[in-house]
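The structure appears right after this line, and notes come after that.
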Amino acid sequence: MICQACGVEAPTKKVTFYQNIGALVMRFSKTADGRMCKRCIHSTFWKFTLTNLTLGWWGAISMIVTPVYTINNVVRYLMCLGMECVPAGAAEPQLTDDVVARLQPVTQQLFDRLNGGEDFERVADSVALNAGVTKGQVALYAHALLMASQDDAAST
Ligand SMILES: [Zn+2]
Numbered sequence: 048m049i050c051q052a053c054g055v056e057a058p059t060k061k062v063t064f065y066q067n068i069g070a071l072v073m074r075f076s077k078t079a080d081g082r083m084c085k086r087c088i089h090s091t092f093w094k095f096t097l098t099n100l101t102l103g104w105w106g107a108i109s110m111i112v113t114p115v116y117t118i119n120n121v122v123r124y125l126m127c128l129g130m131e132c133v134p135a136g137a138a139e140p141q142l143t144d145d146v147v148a149r150l151q152p153v154t155q156q157l158f159d160r161l162n163g164g165e166d167f168e169r170v171a172d173s174v175a176l177n178a179g180v181t182k183g184q185v186a187l188y189a190h191a192l193l194m195a196s197q198d199d200a201a202s203t
């Protein structure tokens, strides 16, 4: 599985954390939602929780919302404590020239299967195996191509 926050290949869990900043008559809230690795869950939880505890309270609605957010965050975090850690040596996938060269011949196949509605994890798994790269690199590659094609569409 690939962490949607940092891209590392590690066990992930679907989480939603909420942050609230009260500014008397206004308030600013932020949500972190997605499948994350334990490392990102840990850092997001502490960042959001410390913000809630210090800046969360300043306002009528904030005084109600912040405890609810904080309880949600703590419960979600506790549920993740039993998760497997990010494997030692796991790194964010990198797109090197070598990886791109390996993936180029299977690009058409990759997009045909994705357009055919196949599950991304499954397609990435088999394409990665065929091309001799990692699944995270396939995801990164697909994402880069998608971004590039959107840029093309915007500039023409
Ligand atoms: Zn992560």
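The sequence shown lines up with residues 48 to 203 when you count with the numbering used here. For every residue, glycine included, the Cβ atom is placed at its ideal position computed from N, Cα and C. Bear in mind that the values here come from a model prediction, so they are computed numbers and not experimental data.
For this session: Counting only the same chain and skipping the five closest in sequence on each side, list residues whose C-beta sits under 8 Å from that of R74.
Result: Residue 74 sits at position 27 when you count from the first residue of the sequence shown. Once the five neighbours on either side are set aside, the close Cβ partners of R74 are N67, I68, G106, I108, S109, V112.
Problem set entry | Alpha-carbon spacing of T98 relative to D166, whole angstroms | Within the sequence shown, residue 98 is the residue found at index 51, counting from 1. Within the sequence shown, residue 166 is the residue found at index 119, counting from 1. Their Cα atoms are separated by approximately 37 Å.
Exercise. When the distance is taken between beta carbons, is P140 closer than 7 Å to G54?
Worked result: The residue given as residue 54 occupies position 7 in the sequence shown. The residue given as residue 140 occupies position 93 in the sequence shown. A contact, by the Cβ cut-off of 7 Å.
For this session: Identify whether T78 lies in helix, strand or coil by the three-state DSSP scheme.
Result: Along the sequence shown, read from residue 1 onward, the residue named residue 78 stands at position 31. Three-state DSSP puts T78 in a strand.
Exercise. Buried or exposed: K61, going by 16 or more other Cβ atoms within 10 Å of its Cβ?
Worked result: Here residue 61 refers to the residue found at position 14 of the sequence shown. Looking at its Cβ environment, which holds fewer than 16 other Cβ atoms inside 10 Å, K61 is exposed.
Problem set entry | Rounded Cβ spacing between V146 and V180 (contact assumed at less than 8 Å) | For the purposes of this step, residue 146 is taken as residue 99 along the sequence shown, with counting starting at 1. For the purposes of this step, residue 180 is taken as residue 133 along the sequence shown, with counting starting at 1. Confirmed, about 5 Å.
Problem set entry | 7 Å Cβ shell around A70 - same chain, five flanking residues per side excluded | Numbered from its first residue, the sequence shown carries residue 70 at position 23. So the list reads W105, G106, once near-sequence residues are dropped.
Exercise. When a residue counts only if its C-beta is closer than 6 Å to some heavy atom of ligand 1, which residues count, in chain order?
Worked result: C50, A52, C53, V55, M83, C84, R86, C87
Exercise. Hey, would you say V58 sits closer than 7 Å to E131, going by beta carbons?
Worked result: Working through the sequence shown from its first residue, we reach residue 58 at position 11. Working through the sequence shown from its first residue, we reach residue 131 at position 84. The sequence shown places Pro at residue 58, not Val. Their beta carbons are under 7 Å apart, which means P58 touches E131 by this criterion.
Exercise. So who's on the other strand from G69, going by DSSP bridges?
Worked result: For the purposes of this step, residue 69 is taken as the residue at position 22 of the sequence shown. Note: G69 sits in a beta bridge opposite R74.
Problem set entry | Exposure of A186, with buried meaning 16 or more beta-carbon neighbours within 10 Å | Taking the sequence shown and counting its residues from 1, the one referred to as residue 186 is at position 139. It is buried - the Cβ of A186 has at least 16 other Cβ atoms within 10 Å.
For this session: Determine the DSSP secondary structure at V174, reduced to helix, strand or coil.
Result: The count along the sequence shown starts at 1 and reaches residue 174 at position 127. It is helical.
Exercise. Buried or exposed: where does I118 fall if 16 or more other Cβ atoms within 10 Å of its Cβ makes it buried?
Worked result: Numbered from its first residue, the sequence shown carries residue 118 at position 71. Flag for I118 reads exposed.
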